[in-house]
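I have placed the structure first, in the form of structure tokens, so that the comments after it can refer back to it.
2 protein chains.
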Amino acid sequence: MRINHDGVTKPKGFLACGRYTGLKNKRRDLAIVFSEVPANFAGVFTTNKVKAAPVLRNLEIREKGGKVQAVVVNSGNANACTGEQGLIDNQTMAQTVADTFNIDVDTVVTASTGVIGVPLPIDKIVEGIEKSSTFLTGDRQGAIDAASAIMTTDTVPKEVSAHFMIGDKEINIGAMAKGSGMIHPNMATMLAFVTTDLAISTELLQKAMSESTLDSYNMISVDGDTSTNDMVSIMANGMAGNEEITEENEDYEKFKEVLHVINMELAKMIVKDGEGATKLLEVKISGAKTKDDARKMCKSIINSSLVKTAFFGEDANWGRILCSMGYSGADLDPSGVSLEFKSRFGSIRVLEDGVPLDFNEEIASEVLKGSAIEVLITMKDGDASSIGWGCDMSYEYVRINGDYRS
Amino acid sequence: MRINHDGVTKPKGFLACGRYTGLKNKRRDLAIVFSEVPANFAGVFTTNKVKAAPVLRNLEIREKGGKVQAVVVNSGNANACTGEQGLIDNQTMAQTVADTFNIDVDTVVTASTGVIGVPLPIDKIVEGIEKSSTFLTGDRQGAIDAASAIMTTDTVPKEVSAHFMIGDKEINIGAMAKGSGMIHPNMATMLAFVTTDLAISTELLQKAMSESTLDSYNMISVDGDTSTNDMVSIMANGMAGNEEITEENEDYEKFKEVLHVINMELAKMIVKDGEGATKLLEVKISGAKTKDDARKMCKSIINSSLVKTAFFGEDANWGRILCSMGYSGADLDPSGVSLEFKSRFGSIRVLEDGVPLDFNEEIASEVLKGSAIEVLITMKDGDASSIGWGCDMSYEYVRINGDYRS
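Protein chains in written order, with the numbering used here: chain A, 2 to 407; chain B, 2 to 407.
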């Protein structure tokens, strides 16, 4: 397995483009990912009770279990809380793709991201889609344009790819994502689009994606909010030519492993580019009672505004970490907790079996200067472990979110 | 009933003082509240699994159900995550009060607030307690000194009092609280100390306080973190001379009503003085399916960093409010939600039965300039309602919490 940063056009038979339609000021705002042949489809969607129009429609598509051939995404407007008109606009968006590329409307997946509660400027989107057909390409340009077009407050496009062998067939996986604000570990936590030329049944594609999501996208947080629009999707078009995977054999395990690496990589890229983030936090808990307890504590730590601001201030305020573990809902014995901070500048142990160590604050400050910090927590409650990714909270976070719409 | 801002020394037989012991730089850091006669005691404590030493000891005192005569509080150090030594130091703190005032150690309630994980400077506290005996007074000075001594990042002391009649007896209630960071609606949410000269059984005192807490301290949030040290306590010394309340009669209801007003008032004062807060938010939900759903949605809104930063930016981004209702865990039909903002500058309706209104952004901006903003939400799921209080999130919040320990 090799990890690269090619995007959604890396697997065979996938084309993409990113266009400017005028939803966003001076930036690309419409992405289309197209498969030359119908592909199996799987998705994981937000658990928010307030679901955006595209999420509602995609849930129906997933329910039917049919193939899909295109994904169309606009940024700049979430088409959420837009009532009946939002559903109509979303259907128009899908229909326009179907008409433009001469495919069935039920094979078109839609996604939107941006401001909530403002009617979708559907005319601009329709015009954009109609004009996009000649720009679809299977090269790097198509992928990078698409990855750029789905960005909102992201500062960099996010792409990951990998390839591996099944027999003599090379299998490729490509992916792009957008993240930034509203990233929360309560479900598929942002927009991520994965493509692969693997041949695999819809059922197993869904299983692999759902399971991987639990320990990747669901273990990151920027600000604790679960969006109305979050979704992770994958299209598998089978063009690699391998024998279709229909059971959980060795090939399935191989795919699942690579897919999980891709998802974790994207998840980390999203957190690293969190709104106003200056530091990537990687929280590793071992020795927890159950996997669920371990996940809960990891999530609670990376969600705490007090922990996040302390890291922004490069302050070794480990008490806030223990505190957030305590209110996570997880079962824990505080007297068995040990805690260490680690970065490229070194490491420092601050708590041993629940007892604070008289550590050197200067060394701690030095360690916390790192732009990527590991928080290593060992416990004595059991054998379960988990990893979560978060970022610090800065002045910039407040500035961006105090003035997002204007 | 009249609401005033006298503090804990207002009820008969209560004395207090606030002293400087050197835990905090140049500010008072030790408060003692003393009842001339043993008083019935009730308390509500943090649900955080990581409990500070004083919380653990107070839980035992409440469990025993005996009377208490003094509360001693230090600020500047939380005595949380301090291991075995923390328990010993906390017991020493109680024992010193017992020795100094010649009362039983089991009648001394303790509380600490401040930085977590640093050993309590117990020598300074012991010296402070020993020197404090001559400063205990039953006048305003004692109350205000005590209220000042429990502050951490609070910018103003918080005191509320009220009196009402039972027969020909005047009953007084006094209270003080500290809040600011780490205020979260997951339980008794900060430090609050209530005194009353009412005669009432311990059982009913606990019942009234527990029930009131659900809709007062538990409905506020500054940053979503539930502290290791949160507690609300009340002492009732019976010196008003009323016949002891031992059943849920009219007198009980009268007391409960006044107590709830006191608690709500303190809760609002805490939120208003949240770290870096510039605006008080009052979220009112009606028409929810159940009381629990209504509370969940109120809490979710006031906990959302995205909602809080939007208010800081005076941005009518109501979509984030609907979004946070959606992931609150409450059952809701988004298509029945209407939303209005209101302040002393006017009001503006932005959502009607789930459909966004084409509102005037200038008027909305004007309304959101208010320092106290009501968020009025009506739903069509049922008859339940709830109110929650929060504050905006500013640059100042990040500054304070990025540099709390130093």
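Glycine is no exception: its CB is placed at the ideal position from the N, C-alpha and C atoms.
Residue-level contact by beta carbon fails for A:M240 and chain B, as no gap is shorter than 9 Å.
Here A:S372 is exposed: its Cβ has fewer than 16 other Cβ atoms, across all protein chains shown, within 10 Å. Checking the DSSP bridge columns, you'll see B:V109 partnered with B:A71.
Spanning the alpha carbons of A:K68 and A:K381 requires a straight line of approximately 48 Å. Our two residues, A:A81 and A:L57, have alpha carbons roughly 10 Å apart in a direct line.
A:M298 is positioned such that its CB atom lies no closer than 9 Å to that of A:S339. For B:C324, the enclosing alpha helix (DSSP H) has its first and last residue at W319 to G327. In chain order, I117 make up the part of chain A whose C-beta sits under 7 Å from the C-beta of B:R321. Segment contact: the region 112-127 of chain B against the region 308-320 of chain A, three or more CB-CB distances shorter than 8 Å; contact assigned. Within the same chain, Cβ atoms closer than 6 Å to the Cβ of B:S305 are found at S325, the five residues on either side in sequence being excluded. For B:M298, the enclosing alpha helix (DSSP H) covers residues K292 to N304. If you draw a straight line from the Cα of A:K257 to the Cα of A:A32, it is about 27 Å long. Distance from the CA of A:D293 to the CA of A:S133, rounded to the nearest whole angstrom, comes to 45 Å. By the rule that beta-carbons nearer than 9 Å mark a contact, B:L352 touches chain A. Collapsing the DSSP output to three states places B:I104 in coil. At a cut-off of 9 Å between beta carbons, B:K292 makes no contact with chain A. Beta-bridge analysis with DSSP links B:S287 to B:T379.
Within the region 250-269 of chain B, no residue has its Cβ closer than 8 Å to any Cβ of chain A. A:D384 places its beta carbon 9 Å or farther from that of A:S162. Distance from the Cα of B:M177 is smallest, within the candidate group B:T203, B:F165, B:S149 and B:K125, for B:S149.
Under the 9 Å criterion on CB atoms, B:A112 is classed as non-interfacial with respect to chain A. Between A:N264 and A:S213, the CB-CB gap stays under 9 Å. Looking at A:V51, A:V157, A:A237 and A:D155, the one whose alpha-carbon comes closest to that of A:A71 is A:A237. Interface flag for B:P357 against chain A is set, since a Cβ pair is found closer than 9 Å. Within the region 43-75 of chain A, those residues whose Cβ lies closer than 9 Å to any Cβ of chain B are, in chain order, T47, T48, N49, K50, V51 and K52. By the C-beta criterion, the region 239-251 of chain A is judged to be in contact with the region 196-203 of chain A, since at least 3 inter-stretch pairs fall below 8 Å. A:G44 is the residue among A:K50, A:G44, A:N49 and A:D354 whose C-alpha sits nearest the C-alpha of A:L60. Annotated three-state conformation of A:A54 is helix, per DSSP. Counting only residues of its own chain and dropping the five nearest sequence neighbours on each side, B:V259 has a CB closer than 7 Å to the CB of M2, A163, F165 and I174. Per DSSP, reduced to three states, the secondary structure at B:M232 is strand. With a cutoff of 9 Å on beta-carbon distance, B:E85 and A:V356 are scored as near each other. Taking 9 Å as the threshold, the shortest C-beta distance from A:R400 to chain B falls below it. In the DSSP assignment, the residues bridged to B:T114 are B:S76 and B:N78. When DSSP states are grouped into helix, strand and coil, B:R20 belongs to the strand group. Among the CB atoms of chain A, one or more fall inside 9 Å of the CB of B:T229. Contact of B:Y218 with chain A by beta-carbon distance below 9 Å is absent, the smallest such distance being about 15 Å.
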